[in-house]
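Engineer:
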Amino acid sequence: MSVCSRIADLSCPVDPCPGKDVASVCSHLNTLRLWRQIPIEDQVNRFANHRPVVNPVVRDAVNACRSRGPVLPISMQEDCGCRGKELSECRDSRGTLPGRVTLQDCLQCQGSRLLLAIHLEEVLHFVSDASHSASSSSTVFPVNSFQTV
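For the sequence shown, this note's numbering assigns the number 155 to the last residue and increments by one with no breaks.
1. From Cys115, Leu40, Glu92 and Gly75, pick the residue whose C-alpha is nearest to that of Ser81; which is it?
2. Decide if Arg74 is buried, meaning its Cβ has at least 16 other Cβ atoms within 10 Å, or exposed.
3. Rounded to whole angstroms, what is the Cα-Cα separation between Arg65 and Leu40?
4. Can you list, in chain order, the residues of its chain with a C-beta nearer than 6 Å to that of Asn21? Leave out the 5 residues immediately preceding and following it.
5. Helix, strand or coil: which one does DSSP assign to Arg52?
6. On a CA-only basis, which of Val59, Glu84, Val63 and Gly105 is nearest Ser118? Give me that one, please.
What follows is the structure in structure tokens.
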């Protein structure tokens, strides 16, 4: 073990320290050391419920979407993908850059389509019930029976 010359209170597990030539090694080891000092309960809590739960119906709609294309090549990505914004092709030209969408874009698109479909189904059901109750009513007024004088 050797003492790091770059970061106080850091010991390098090998001798000579590779951080002498590559400073990021020391930074990485220091981050690991600091992480290990956090109690395990706090470590777990930092990652608990990290991702929002995706409704399985919306997920299935995204998977079945005919407009969703393959993941775009790295040359068309905004970054390396490590920030969770991997871009896929969208044949409906949706997205901040038309035709390039994140999974979040797809979830929002399909979620709003499903909500619209549910709303339309409720409206149609209401109209159907209203027309059914009107046709079963015994009193029927002709269209022009209410005239103003």
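Beta carbons: idealized from backbone N, C-alpha and C, even for Gly.
Structural biologist: Looking at the coordinates:
1. Glu92
2. buried
3. 37 Å
4. Residue 21 is actually Asp in this sequence, not Asn. Only Ser8 meet the Cβ criterion.
5. helix
6. Val63
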